[in-house]
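Worksheet: the structure to be examined is printed underneath.
Protein chains in written order, with this note's numbering: chain C, 3 to 110; chain Y, 250 to 490.
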């Protein structure tokens, strides 16, 4: 049984974003999710930050302050080794969820 | 997360709150900038950024809640784990509990002795200047002897530059006759007239001795007979010292 819920999905999106981009601030993560999902997924912008904070406390991501291209101070996040492992598990678990839902929908 | 990190998290709660505030502000400003770049007026750009973001205060509260629940949850998990380990190995658990209990007990016992014998100051005036003088008979190798009255007077007069004063004390037990005719054994002490003044004792009943109270023979010594109706004076003063 897959353990993915909505919160887990947001975690997966953030982890995947960071694994694809390296170092990114919260606003950049929001933009990346929108672009990479061909505008199909939009994250509720504010609710991203509690998730980021929780993931940092779990040791999946780490943060540091830096300057953006427009010289604005922002907090940048990057994936840790534990985060990489978590991403693999989350991807696997999400695949199962999708498979399960698909099977459920096809059942006649 | 280690306990140390948890504690430092607690200490830097204010710093975290400030950082979160700044992080959220940066997000809203970046969105505003992008909106302006897309052609919105500055007011519309900011309103749109705030709308997309949601209430920053609520978000901040959520983050703080995560912070606290995280610490508590982890701690609870650690405790439950420890408890399960104890259940799985009861002999080990009992050994540990016994060792810690013995250790605490021994420490408390040693400390209470050290405290009462060495650390706690004596309940007298200037306890750090207090000495006890005994007589010695070196050739007979007898020590801790009381002074004779003449020796005491010599000591008192001869040591005025080194000591504020000397007071004599001899303790013993007396049989007292009670009002109802029964006998009672009481602790008693024979002291010199300057005894209470020197040690800073408080007289609860009656009055302190005066120099004239001493018998004329030595003028500095007086038998304080508790049987002569001053038993209250004597015993309560004793308990004060």
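By construction, the Cβ of each residue, glycine as well, lies at the ideal position given by its N, Cα and C atoms. All values derive from a computational prediction rather than experimental measurement.
Separation of the CB atoms of residue 463(Y) and residue 415(Y) is rounded to 14 Å, and the pair is thereby denied contact status at 8 Å. One Cα belongs to residue 95(C), the other to residue 69(C), and the distance between them is close to 35 Å. In this model, residue 278(Y) and residue 298(Y) are separated by some 8 Å (Cα to Cα). Taking all protein chains shown into account, residue 330(Y) has fewer than 16 neighbouring C-beta atoms within 10 Å of its C-beta and is therefore exposed. Under the three-state reduction of DSSP output, residue 385(Y) falls in the strand class.
Listed by position along chain C, the residues whose Cβ is nearer than 8 Å to that of residue 308(Y) are 48, 49, 51, 52.
Closer than 8 Å to the CB of residue 289(Y) there is not a single CB belonging to chain C. Within the segment 268–280 of chain Y, those residues whose Cβ lies closer than 8 Å to any Cβ of chain C are, in chain order, 268, 269, 271, 272, 273, 275, 276, 278, 279, 280. The secondary-structure analysis by DSSP pairs residue 27(C) across a beta bridge with 78(C). By the C-beta criterion, the segment 330–340 of chain Y is judged not to be in contact with the segment 74–86 of chain C, since fewer than 3 inter-stretch pairs fall below 8 Å. If you draw a straight line from the Cα of residue 356(Y) to the Cα of residue 344(Y), it comes to about 18 Å.
Contact residues of the segment 75–93 of chain C toward chain Y are 75, 76, 77 (C-beta to C-beta distance below 7 Å).
A Cβ-Cβ separation of about 7 Å places residue 266(Y) in contact with residue 313(Y) under the 8 Å criterion.
A straight line joining the alpha-carbon of residue 453(Y) with that of residue 461(Y) spans about 21 Å. Residue contact with chain C for residue 305(Y): present (Cβ-Cβ distance below 8 Å to some residue of chain C).
Residues of the same chain with a CB within less than 7 Å of the CB of residue 342(Y), apart from the 5 flanking positions on each side, are 335 in chain order. If you draw a straight line from the Cα of residue 41(C) to the Cα of residue 317(Y), it comes to about 35 Å. Look at residue 328(Y) here: in three-state DSSP terms it is helix. Your pair residue 276(Y) and residue 47(C) checks out as a contact, with CB atoms roughly 7 Å apart and the cut at 8 Å.
Among the CB atoms of chain Y, none fall inside 8 Å of the CB of residue 34(C). By the neighbour-count definition (other C-beta atoms within 10 Å, threshold 16), residue 364(Y) is an exposed residue. Scanning chain Y for C-beta atoms nearer than 8 Å to the C-beta of residue 29(C) yields 275, 276, 279, 280, reported in chain order.
Between residue 285(Y) and residue 52(C), the C-beta spacing is not below 8 Å. Excluding five sequence positions before and after residue 273(Y), the CB atoms of its chain that fall closer than 6 Å to its own CB belong to 305, given in chain order. Beyond the five residues adjoining it in sequence on each side, residue 399(Y) comes within less than 7 Å, by CB distance, of no other residue in the same chain.
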